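Written out below as structure tokens is the structure these notes cover.
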Amino acid sequence: MIEVESLHARAGAFELRDVSFSLPPGAWGIVLGSAGSGKTTLLETIAGVRRAASGRVRLRDSDVTLVPPERRGVGIVYQHALLFPHLTVEENVCYGAHDPRYAVALARRLGAGELLARGVRELSGGERQIVALARALAPQPDILLLDEPLAAVDAQTRAEMQDLLLDLAKKYDQTCVLVTHDVDEAVYMADRIVVLSKRPTTVVADLPVSLPKPRDQLQTREDPAYLGLRHKVITLIRSMRAGAATQES
Amino acid sequence: MRLPGIACLVVSLAFARPRDAAAASGADTVVVFAAASLAVPIRAALDSFARRTGAVVQQENGASLELARRITELGRVPDVIALADQEVFAQLLVPRVASWYVRFARNRMVVAFTGRSKGAAQIGPANWHRVLSRPDVRVGRSDPRLAPVGYRTLLLYRLAEGYYHLPGLASRLEAQTPPALIRANASELVALLQAGELDYIVDYESLARANRLRFVTLPPQIDLGDPARASQYARATVRVARRTDTTTYAGAPIVYGASVPRAAPHAAAGHRFLRYLLSPEGQAVLRAHAVDALRMPELVGDSVPPALRATRR
Amino acid sequence: MSDAAVRGRGTHRVAAAGVVAGAVLLLALLGLPIVALLLRGGVSGLGQLGSDRELRAALWLTAQTATVATLLAMLLGTPLAYLLARGRMPAGALVGALLDLPLLIPHPVAGMALLLAFGRASPAGAALAQIGLAVVGSRTGIVLAMLFVAAPLYVSAAREAIARVDERYESVARTLGDSPVRAVWRVTRPLAGRGLVAAAVVMWARAVSEFGAIVILTYNPKVASVLSYDRFTGEGLDAALPVAAVLVILAIVPLLVLRSLRAGTALGEPAR
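First to last, the protein sequences are chains R, P and D. Going letter by letter, the first sequence gives residues 30 to 278 in the numbering used here. Going letter by letter, the second sequence gives residues 285 to 597 in the numbering used here. Going letter by letter, the third sequence gives residues 2 to 273 in the numbering used here.
Given below as structure tokens:
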């Protein structure tokens, strides 16, 4: 469904070098990496907002490397929400939606019902994130890219949102790429984990995740396979950091 | 670290005075107001004067009336003022600003044009008024409220009407220049002619010659150039209406006047330059720039400074 | 209190006094001439508006031509400003320098350059003559001169206004289905709108005050600045002062508009 092939891209100080991975339809790909890895650049390249210097992006089995973003049918949620400041929450959510009623219902389902009439400035960080999510989901894209969408959200809400996202994706058959710092979140949600290095960013590891779906906050997190995978990933990241540290010193 | 250096440079540039050296050595400073049609000749005379005496010279040009107003209204007084019409002295400047003036040059009205002008091949002293009356021809003239050359053009038209016995010629010719083609002074007309915006201008012979324009010499009965025909010229009058008053001008030979105002800041230097201007050398410079300098300049008024008495004949 | 603290306090006071003195000096320099003009000619000037047809005509002509020039600048300059703001202009630095040039040229020199380029004798002027447009002695010339000296100001200010709107908003809009043009129209335009209007007001004000470039091309019909000069040279200071005072009073209008625009909060800055 999503295939990234030998991608080279540059965005200011960030650089992707020879990044490749693929995701089958309906899968959740989690991109893990510390600050300075070009996670956002990767998402932007898949969405078409940024042009790759070389390499290919294939979506739904066709080469979209040269296709502009408005025709890729990819939804993206930026880390800083980037809600349109001149529009209300409702107008933001309905911006790209084909069916405004669906968009509003979706917003309510995500917990943003009371916010609809408000201006964007009045929202807290967590609320902005939720509205941004609703906005990206409203056009019902079958591919969704999420750049640390739950970073500003409190822990309790975060758990609910994780499950909601998994549910929605399942219901609408969405293939999703989610970027996060949080290893627990990554392992919980992933069908595939891609670990990126710091710049110049390359793929350090590409791990399949075979935990059963649907996931459950209690059961899955106590599953030994979950713990083992978590252990593996953390060790990997630690050694990556240590390796980088020795390189620098 | 470079910032203090740059700041020093800027400050020193702002306050640098290269001319202080000349003033310190005791050389003259001379400020001259010159009518637009005298701009180039006076510039040449000033430069020549400066070379001889080491004087520091400054010149401001403008229409004669405008220059007079700079003195009377703005209180800016030059050391020498040279205007295209002695009448301006008589009407505006004497006796408050100046107590005397010198008639030092003559001029004539001509019709100037270039090779590009429509009808250039046909125009001549006998048919100029017909060519200028053609509907496709663009004729420029000066604003009579501001520049002597403006009302002199109108006087020329009136004299022509009598001379050629063509009633209505004056108003027809006047109408040939819509407001869009009227300019503030004599030099602006030349500029527009050179730029190709005008086909013909009515202007001074000195300017036509100085700018190497082609021109039609007009009959002396109408060209305001012959002092002997003063009474003939005086038969034509024109009323120039401004918003608040109306002035009537009568035809008169074109005579340029110059003076050193009473309140000139460097009166002695002004006298020296004016004396130079009236001397054979100065007159040669003027003639080299197509100004018809009077061999015998005439002083008008009393209390003439001794420095200039010698030139009185 | 320690010695250092006491000394610190003293230096602070001196510095503060210096700042105040400098500000007062500059304000006096700028304000006194205007006050003098208004005191001398303000009342008679306003009174004259009723009776002085030439003045009213000049004011009207100035407002008309400045508005036309501003509208043209907005039409032609806003896309350019957008390209410059987003760094998508080929040879952007060169274009930027070219746009700055008219601001540095003395105004009469600009008028002469325009005369050379668009006068009858030039190819462009001949082409204009074919469609009945002349640059000398016409409103076309006035608008052209105003455009030349003021459009760079508009483009510069518009570019700033657009640059302040985060480009990522456009990207987001595109992922939501908007074409590039639609994204700019729906997102950047409203967010930059206030800044664009402010840029237009600045341009209008500049166009209205222009003299040197206009007077070379078009002496008649007279715009307000040419009229004030003409009154001065033709009739004297007393006749010119009322006109001058009226122009100063009318200059307050764009100032007020600008202030009210700036008083609104800045849009387009995402929370970080």
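Virtual Cβ for every residue (Gly too), placed ideally from N, Cα, C. Because the structure is a prediction, the values reported are computed rather than measured.
Throw me the rounded Cβ distance for the Ala76/R and Arg100/R pair, which I believe falls under 8 Å. Contact doesn't hold; Cβ gap of about 11 Å is too wide.
Contacts around Leu561/P, its chain only, beta-carbon distance under 6 Å, and the 5 residues preceding and following it disregarded: Ala329
Taking only beta carbons into account, state which residues of the region 138-159 of chain D come closer than 8 Å to chain B, listed in chain order. No chain B is present in this structure, whose protein chains are R, P and D.
What is the DSSP secondary structure of Met90/D, counted as helix, strand or coil? coil
Could you name the residues of the region 437-468 of chain P whose beta carbon sits closer than 9 Å to any beta carbon of chain D, in the order they occur along the chain? Pro462, Pro463, Ala464, Leu465, Ile466, Arg467 and Ala468
Counting only the same chain and skipping the five closest in sequence on each side, list residues whose C-beta sits under 8 Å from that of Asp202/R. Pro54, Gly55 and Asp171
Which of helix, strand or coil does DSSP assign to Asn391/P? coil
Let me know the secondary structure DSSP gives Cys205/R once reduced to three states. strand
When the Cα atoms are used, what is the spatial distance from Thr12/D to Ala6/D? 10 Å
Within chain P, the residues that Arg121/D reaches when beta carbons sit closer than 7 Å: Gly480 and Glu481
Straight-line Cα distance separating Gly289/P from Ala38/R: 44 Å
Secondary structure at Phe119/D, three-state DSSP: helix, strand or coil? helix
For the alpha helix (DSSP H) holding Glu344/P, just list the boundary residues, first then last. Careful: Glu344/P lies outside any alpha helix (DSSP H), inside the beta strand (DSSP E) at Val340 to Gly346.
Would Val423/P and Thr461/P be called neighbours here (beta carbons separated by less than 9 Å)? yes
Please report how far the alpha carbon of Glu350/P lies from the alpha carbon of Asp487/P, in whole angstroms. 18 Å
Step through the CB atoms of chain D and report whether any lies within less than 9 Å of the CB of Leu111/R. yes
Does Arg400/P come within less than 9 Å of chain D when only Cβ atoms are used? yes
Which bits of chain R does Leu262/D rub up against, with CB to CB less than 9 Å? Those do not exist, as Leu262/D stays about 15 Å from chain R at its closest Cβ, beyond 9 Å.
Under 9 Å, do Val539/P and Thr531/P count as touching if we go by C-beta distance? no
What span of residues does the beta strand (DSSP E) with Leu294/R cover, start to end? Past the edges of chain R, shown from 30 to 278, lies residue 294/R, and the structure says nothing about it.
Taking only three categories from DSSP, how would you classify Thr230/R? strand
Would you please verify whether the beta carbon of Ala181/D is less than 9 Å from any beta carbon of chain R? It should be noted that the sequence gives Pro, not Ala, for residue 181/D. Taking Cβ atoms only, chain R reaches closer than 9 Å to Pro181/D, which makes this a yes.
Reducing DSSP to helix, strand and coil, say where Ala543/P ends up. Looking at the sequence shown, residue 543/P is not Ala but Ser. Residue state, collapsed to three classes: strand.
Here's the rule: buried if 16 or more other CB atoms are within 10 angstroms of the residue's CB, otherwise exposed. What is Gly46/D? buried
Given that Ile105/R touches chain D, what residues does it touch there, using C-beta distances under 8 Å? Val173 and Thr176
Along the region 354-380 of chain P, where does the CB come closer than 8 Å to a CB of chain D? Name the residues. Thr356, Glu357 and Leu358
Cα separation between Val474/P and Leu443/P? 23 Å
Considering only residues of the same chain and omitting the five flanking positions on each side of Glu458/P, which have a CB-CB separation below 8 Å? Leu438 and Tyr441
Within 7 Å of chain D by C-beta, residues of the region 61-79 of chain R in sequence order: Ala76 and Val78
Are the region 145-159 of chain D and the region 197-207 of chain D in contact at 8 Å, needing three or more beta carbon pairs? yes
So what does DSSP say about Glu161/D, is it helix, strand or coil? helix
Consult DSSP for Asp331/P and reduce its assignment to one of helix, strand or coil. helix
Any idea if Gly272/R is buried or exposed, counting beta-carbon neighbours within 10 angstroms, 16 or more meaning buried? exposed
Throw me the rounded Cβ distance for the Thr94/R and Val103/R pair, which I believe falls under 8 Å. 13 Å between Cβ atoms; not a contact.
My understanding is that Arg216/D touches Val227/D, with C-beta atoms under 8 Å, so please give their C-beta distance in whole angstroms. Here residue 216/D is Val; the residue named in the question, Arg, does not match the sequence. With 8 Å as the limit, Val216/D and Val227/D qualify as a contact, their Cβ atoms being about 5 Å apart.
When the Cβ atoms of the region 66-79 of chain D are set against those of the region 167-183 of chain D, are three or more pairs found closer than 8 Å? no
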